[in-house]
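Engineer:
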Amino acid sequence: MSLPFSIKVYKQYFNFASSHFMIFENGTREPLHGHNYRVQVRGEAPSLEGDMVFDFLDIKPIVREVCDSLDHKLLIPKDNKHLKIYTDRKNYVIETPDESHFSIPQSDVLLLPILNTSAERIAVYICDEIRKKVTQKFGFAFNSFEVEVEETPGQSAVYLHRE
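Using this note's numbering, count along the sequence shown one by one with no gaps and you end on 243.
(1) Hey, out of Glu231, Asp208 and Gly234, whose CA is closest to glutamate 243's CA?
(2) So, is arginine 169 buried or exposed, given that buried needs 16 or more other C-beta atoms within 10 angstroms?
(3) How many angstroms separate the CA atom of glycine 123 from the CA atom of lysine 153?
(4) Which partner residues does alanine 125 have in the DSSP bridge list?
(5) Relative to the alpha-carbon of threonine 108, which residue among His241, Thr176 and Asn116 has its alpha-carbon at the smallest distance?
(6) Could you tell me whether the Cβ atoms of leucine 137 and leucine 190 are closer together than 8 Å?
(7) Going by DSSP, what residue range makes up the beta strand (DSSP E) through threonine 215?
(8) In its own chain, which residues sit with a C-beta less than 8 Å from the C-beta of glycine 114, not counting the 5 before and 5 after it?
(9) Between the region 232-243 and the region 131-147, can you find at least three pairs of beta-carbon atoms closer than 8 Å?
(10) Would threonine 215 be called buried (16 or more neighbouring beta carbons within 10 Å of its own) or exposed?
(11) For the candidate residues Thr167, Pro193 and Val121, whose alpha-carbon lies nearest to that of serine 187?
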């Protein structure tokens with residue numbers, strides 16, 4: 081009988097400071113603001129390979145790389161139907177339904193393939209990126225993989241992906 085095992089990893093350097101605004105279904109938006117996000121992950125496997133679910137030394141740099149890619153960026157949900165996003169020279173121009181226009185250097189913006197920049201949607205994005213990198217680099221897939229994204233202490237969203 082095989083029992084499920086899991087690893088949980090949280091390091092102080094699993095963090096990123098980013099700005100964003102939410103676009104609500106009626107087209108209104110939050111003011112532009114930022115968070116000092118923290119991330120923790122948990123992966124489950126049906127059995128142990130070599131007495132470990134997955135080596136901590138292998139997962140930590142991947143989580144850090146994904147967090148670092150989000151650090152000091154304006155996070156924009158490119159799949160949001162209410163936003164108009166285009167380039168103007170070296171800037172992204174983002175137009176919102178309230179007729180706000182943001183013109184931001186492309187190097188300061190990360191266009192994410194998500195519908196909105198809620199902690200929940202960011203958790204899905206982070207989960208997908210980590211799983212993809214683990215599979216590409218190690219040919220390994222967790223049965224389930226959980227990502228928790230904390231916006232502020234005591235306030236977080238959790239996404240659980242199951243195979």
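C-beta atoms are modelled at their ideal positions from N, C-alpha and C, and glycine is treated no differently.
Every value quoted in this text rests on a predicted model; they were computed, and no experiment measured them.
Structural biologist: Put simply:
(1) Working through the sequence shown from its first residue, we reach residue 243 at position 163. Across the set Glu231, Asp208 and Gly234, the C-alpha of Asp208 shows the shortest separation from the C-alpha of glutamate 243.
(2) The count along the sequence shown starts at 1 and reaches residue 169 at position 89. Arginine 169 comes out exposed.
(3) Position 43 of the sequence shown, counting from 1, holds the residue named residue 123. Position 73 of the sequence shown, counting from 1, holds the residue named residue 153. Looking at the two C-alpha atoms, the distance is approximately 27 Å.
(4) Taking the first residue of the sequence shown as 1, we reach residue 125 at position 45. Phe85.
(5) Here residue 108 is taken as the residue at index 28 of the sequence shown, counted from 1. For the residues His241, Thr176 and Asn116, the minimum Cα distance to threonine 108 belongs to Thr176.
(6) Residue 137 sits at position 57 when you count from the first residue of the sequence shown. Residue 190 sits at position 110 when you count from the first residue of the sequence shown. Contact flag unset, no.
(7) For the purposes of this step, residue 215 is identified with residue 135 of the sequence shown, where counting begins at 1. Per DSSP, threonine 215 lies in no beta strand (DSSP E) segment; the continuous alpha helix (DSSP H) that holds it begins and ends at 199-218.
(8) Residue mapping note: residue 114 aligns to position 34 of the sequence shown, counting from 1. Result list for glycine 114: Ala97, Ser98, Ser99 and His100, in chain order.
(9) As far as the Cβ criterion goes, the region 131-147 does not touch the region 232-243, which means the pair count is below three.
(10) As a first step, residue 215 must be located in the sequence shown, where it is residue number 135. Exposed, by the Cβ-count rule.
(11) Position 107 of the sequence shown holds residue 187. Among Thr167, Pro193 and Val121, the Cα nearest to that of serine 187 belongs to Thr167.
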